[in-house]
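J.: Residues 52 to 192 (the working numbering) are what the sequence shown spells out, left to right.
Where a beta carbon is used, it is the ideal one built from N, C-alpha and C, also for glycine.
Quick caveat, the model's predicted, so the values are computed rather than measured.
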Amino acid sequence: MSPLGRKSSPLKQESTTNTSEVGPEYTAEDTQTLKEPLDPEALKQIQTLYAEGLQHHKENHLGLAIECYEKALVVPGGQDFASLHVNLGSALMAQNKFSEALEQFELAKRIQPDNIKAMYNNSLALLHLDRLQEAQRLQMC
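Here you go:
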């Protein structure tokens, strides 16, 4: 599995710990079945932008991280990587953009329903938006 949440990607990163939220995501187990093979050039571009985003995220350069993740998502096939959405959501949440972050976590969950980081951060975003009942419902699932 690739750290982007898709199969057959050579990019590997180490994970870090964040006490307030889970992010950025460095490895992901993806149960998604690919609809079609990704163009090697597109994959390379996604991997490069993803790695740059991770580095910026680690250095707390959130604006630059967000820019890299967003660029990776518009590369053909990029929108299919759950971890790109999780990382983008994590960076947005760190900037207190909870509604935008929530959208990204929900997209990640659609791609990869068992993505723990997407579920956890989704609940955190809901709590920050004072949507306690929805967050509690998610915790019970």
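To the nearest angstrom, how far is the alpha carbon of F149 from that of K109?
T.: Along the sequence shown, read from residue 1 onward, the residue named residue 149 stands at position 98. Along the sequence shown, read from residue 1 onward, the residue named residue 109 stands at position 58. If I take the Cα positions, the gap works out to 20 Å.
J.: Write down the C-beta distance between G129 and I162 rounded to the nearest angstrom, noting that I regard them as a contact closer than 8 Å.
T.: Residue numbering aside, residue 129 sits at position 78 when the sequence shown is read from its first letter. Residue numbering aside, residue 162 sits at position 111 when the sequence shown is read from its first letter. In fact, because the Cβ distance is near 11 Å, the residues do not count as touching under 8 Å.
J.: Is it buried or exposed, L100, if we count other Cβ atoms within 10 angstroms and call 16 or more buried?
T.: As a first step, residue 100 must be located in the sequence shown, where it is residue number 49. So L100 ends up on the buried side.
J.: Pick out whichever of L94, H179, I117 and A93 has its Cα sitting closest to the Cα of L143.
T.: Here residue 143 corresponds to residue number 92 of the sequence shown, with the count starting at 1. Nearest C-alpha to L143: I117.
J.: State the start and end residues of the unbroken alpha helix (DSSP H) segment that holds G140.
T.: To locate residue 140, count along the sequence shown from 1; it is residue 89. It spans A133 to A145 - the alpha helix (DSSP H) in which G140 sits, taken as one unbroken run.
J.: By alpha-carbon positions, which one of E92, N173 and N111 ends up nearest to V137?
T.: For the purposes of this step, residue 137 is taken as residue 86 along the sequence shown, with counting starting at 1. Among E92, N173 and N111, the Cα nearest to that of V137 is on N173.
J.: By alpha-carbon positions, which one of V126, D90, D181 and G140 ends up nearest to L105?
T.: Residue numbering aside, residue 105 sits at position 54 when the sequence shown is read from its first letter. Selected option, being the one with the closest Cα: G140.
J.: Of all the options F156, L178 and A176, which has the alpha carbon lying nearest to the alpha carbon of A169?
T.: For this step, residue 169 is matched to residue 118 along the sequence shown. It is F156 whose Cα lies nearest to the Cα of A169.
J.: When DSSP labels each residue in this structure, what does G128 get in the three-state scheme?
T.: What you label residue 128 is simply residue 77 of the sequence shown in a count that begins at 1. Reduced to three states, the DSSP call for G128 is coil.
J.: Work out the CA separation of D131 and Q187 for me, nearest whole Å.
T.: Your numbering for residue 187 matches position 136 in the sequence shown. Your numbering for residue 131 matches position 80 in the sequence shown. Spanning the two alpha carbons is a distance of roughly 28 Å.
J.: Would you call L158 buried or exposed, if buried means 16 or more other Cβ atoms sit within 10 Å of its Cβ?
T.: What you label residue 158 is simply residue 107 of the sequence shown in a count that begins at 1. It is buried - the Cβ of L158 has at least 16 other Cβ atoms within 10 Å.
J.: Report yes if the CB atom of N111 is closer than 8 Å to the CB atom of A133, and no otherwise.
T.: Walking along the sequence shown from the start, residue 111 turns up at place 60. Walking along the sequence shown from the start, residue 133 turns up at place 82. No. Outside cutoff.
J.: Are the beta-carbon atoms belonging to L48 and Q146 less than 8 Å from one another?
T.: For residue 48 there is no data in the structure shown, the boundaries of the chain being 52 and 192.
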